[in-house]
Amino acid sequence: MSQTRNEGEKKAGSGSVIPHHSQAVQSGRVSSANNKPFLPYVVVHLDLKGAPPKLSYLKSLLPSLRRHGANGLLIEYEDMFPYEGRLVNLSALNRYGKQELTNFLSHARDLGFEIIPLLQTFGHMEFALKLEEYANLRERSDYPDSICPSRAESKILLSEMIEQVICMGPRNTVVSTSSNSSSFIKIEVDPFFAFGNIQYPVVHTITQHGLQSNTQIIRIDHRSPPDPLINQTGMECNRPHGQVMDLHAAVSRVKYIHIGCDEVYGMNLCERCQQRKLSNAAIFTQHVLSVARGIKSRRPNTTVLIWDDMLRSIQPLELAKFKLRGQVEPVYWNYEPVLKHTHINLYKYHVNSDNIWVASAFKGADGRAAAVPNMTARYLNHFSWMKLVNGYRIDGTTKSYNFKGVILTGWSRYAHMEPLCELLPVSVSSLFLCLQVIKTFKTNTYSSTNGIHSEDFYYDYIFMNLRESLNCTAENNPGESSESRSSPPPMVTRSHRCVAGFLRRNRMSNGGGSM
1 MSQTRNEGEK
11 KAGSGSVIPH
21 HSQAVQSGRV
31 SSANNKPFLP
41 YVVVHLDLKG
51 APPKLSYLKS
61 LLPSLRRHGA
71 NGLLIEYEDM
81 FPYEGRLVNL
91 SALNRYGKQE
101 LTNFLSHARD
111 LGFEIIPLLQ
121 TFGHMEFALK
131 LEEYANLRER
141 SDYPDSICPS
151 RAESKILLSE
161 MIEQVICMGP
171 RNTVVSTSSN
181 SSSFIKIEVD
191 PFFAFGNIQY
201 PVVHTITQHG
211 LQSNTQIIRI
221 DHRSPPDPLI
231 NQTGMECNRP
241 HGQVMDLHAA
251 VSRVKYIHIG
261 CDEVYGMNLC
271 ERCQQRKLSN
281 AAIFTQHVLS
291 VARGIKSRRP
301 NTTVLIWDDM
311 LRSIQPLELA
321 KFKLRGQVEP
331 VYWNYEPVLK
341 HTHINLYKYH
351 VNSDNIWVAS
361 AFKGADGRAA
371 AVPNMTARYL
381 NHFSWMKLVN
391 GYRIDGTTKS
401 YNFKGVILTG
411 WSRYAHMEPL
421 CELLPVSVSS
431 LFLCLQVIKT
441 FKTNTYSSTN
451 GIHSEDFYYD
461 YIFMNLRESL
471 NCTAENNPGE
481 SSESRSSPPP
491 MVTRSHRCVA
501 GFLRRNRMSN
511 GGGSM
């Protein structure tokens, strides 16, 4: 996300910005579960498009992430995925190896993490469109940020990317082709795509493997279902009983996939798109639905997520016409220290989607060239989000709305061509702090959100727990000189002092009012 990452609400055109949702309750801690933010998923975003860490380092972080309450990983591969076949040039020279990546994902799943791959499928596609072989798919010929949604070749590229990532490898299977079980043919099949009234067959390869003379011929039978992105491909053997093979069994392990679609600035500009005579909203939603339906045509139980910002300017009645429910779930992102959320948008998503996710930021939201996260801003961003989702009544009823999950984003660059911002190792203290805020709200129930002071909350619930989890020595005076601390790492020490000192000064300057 680019320069608007801290200005998400400025793009909201479907109603004025409304201040925090209020609740007429008193402060204090209670046992009622009605106000508890359910948030089944607490997902940490790993943005690999800048200074990607070694997988061994990421693996070493996983136990600590679980201990602090994370149970999901949103992995934005970009060019670090080991693409194969015709997509091999999408991968960077320092891409992860297929086997080491498989081992990492298996280890993460064993620890209880839900793995959510993220592939950009509309905007932020510079890593692919900067290449000469895909330059013709750009919406704007002079800049490789957005893909043209009106080209069948765009859908082919996106389909192959999605399938390789979901399946962790090229689409292939081994089929027995004769009564002799030692005779095989290995078939690699690309789907047969349809766009509008035109069908685009793609080259498919047949490779012989240990064939005997009595091997029978395999016939590939392509059929085109109605979805324009990914078509079902059938295979038959011309032997008496025939055989249909599922080429995507591995996809069943992917419960969620994120297809990006944020900040699509180049849209409806090329001649092909303009010939369709559609609004920007129609162009956007039709492309999103095409990608989502293509995924769900293969794996109907896979839930598709998108960033929400391109939906904010679409009027509620217009959005309802596109029928997003059951196809995608929006992730409402805002990285500001004090949220200015729009209730109209939250209600709009509630009406048009099965679930709503929210997204905060533990790094990558404090400036394009920031060296370290602004710990105060990151703490307040998560504190504000938890105040919002804690007992939020989305439609004015007495029933609290349960958001599906929170994604803690950690951007490495604002865009592919931008400079690096905070590196992950120096942002771990921010990540643990933000996770601790969420964990505390999830494990404690409050009768009030407005009655909780950010400074009091930090000292009463966060400070000591976080110090213990980071193996820091306890201290009563956060302003004490660093020389008196016997063991805490300097980065964590400075972070605590920064957060505590700022909150104390800010509260005094506001006359003791809540933040």
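For reference, each letter of the sequence shown is one residue, going 1 to 515 in the working numbering. Ideal Cβ positions, reconstructed from N, Cα and C, are used throughout, including at glycine. None of the values given here were measured: they were computed from a predicted structure.
- Taking C-beta atoms as the reference points, H45 and G326 fail to come closer than 7 Å.
- Here the alpha carbons of F457 and V389 stand approximately 16 Å from one another.
- Going by C-alpha positions, N355 is about 15 Å away from A320.
- K49 sits away from R368, with the two beta carbons spaced by 7 Å or more.
- Here R378 is near F362, since their CB atoms are less than 7 Å apart.
- Beta-bridge partners assigned by DSSP to T303: Y256.
- With a threshold of 16 other beta carbon atoms within 10 Å, E126 meets it and is buried.
- The straight-line gap separating the alpha-carbon atoms of A135 and L129 is approximately 5 Å.
- Around the beta carbon of L137, 16 or more other beta carbons sit within 10 angstroms, so the residue counts as buried.
- In the DSSP assignment, R272 falls within the unbroken alpha helix (DSSP H) covering E271 to Q275.
- In the structure shown, T102 adopts helical secondary structure according to DSSP, grouped into three states.
- At the C-beta level, Y335 and A365 come within 7 Å of one another.
- With contacts defined by Cβ atoms closer than 7 Å, L73 and F38 do not form a contacting pair.
- A contact between stretches requires three or more CB pairs, one per stretch, nearer than 8 Å, and the region 103-112 fails this requirement with the region 137-151.
- For I147, the beta-bridge partners assigned by DSSP are R138.
- With a 10 Å radius around the Cβ and a threshold of 16 neighbouring Cβ atoms, V304 comes out buried.
- Taken atom to atom, the span from the alpha-carbon of T342 to that of V406 is near 17 Å.
- Here E132 is exposed. Its C-beta has fewer than 16 other C-beta atoms within 10 Å.
- L90 places its beta carbon less than 7 Å from that of Y83.
- Under the three-state reduction of DSSP, L408 is assigned to strand.
- For N374, the closest alpha carbon among the candidates M417, E418, Y401 and V426 is that of V426.
- Excluding its 5 nearest sequence neighbours in each direction, T102 has C-beta neighbours in its own chain below 8 Å: M168, listed in chain order.
- For the set T121, L380 and P63, the Cα lying nearest the Cα of I156 is the one of T121.
- Going by DSSP, V88 is part of no alpha helix (DSSP H) at all; its letter is neither H nor E.
- Between I115 and E76, the alpha-carbon positions lie close to 11 Å from each other.
- Looking at the DSSP output, S360 bridges to L408.
- Going by C-alpha positions, P117 is about 11 Å away from D47.
- Within the same chain, T121, L158, L229 and I259 come within 7 Å of V291 by CB-CB distance, once the 5 residues on both sides are set aside.
- When H350, N71 and L93 are compared, the shortest CA-CA separation from F81 is found for L93.
- Counting only residues of its own chain and dropping the five nearest sequence neighbours on each side, V338 has a CB closer than 7 Å to the CB of L380 and S384.
- Of the other Cβ atoms in all chains shown, 16 or more fall within 10 Å of the Cβ of N345; this residue is therefore buried.
- Each of N352, S400 and V42 was checked against the Cα of F322, and the nearest Cα belongs to N352.
- Listed as beta-bridge partners of I75 by DSSP are L46 and P117.
- Per DSSP, P330 is one residue of the beta strand (DSSP E) stretching across V328 to W333.
- The beta-carbon separation of P63 and L111, rounded to 7 Å, stays under the 8 Å limit for a contact.
- With a minimum length of 4 residues, there is no unbroken run of alpha helix (DSSP H) contained wholly in the region 409-436.
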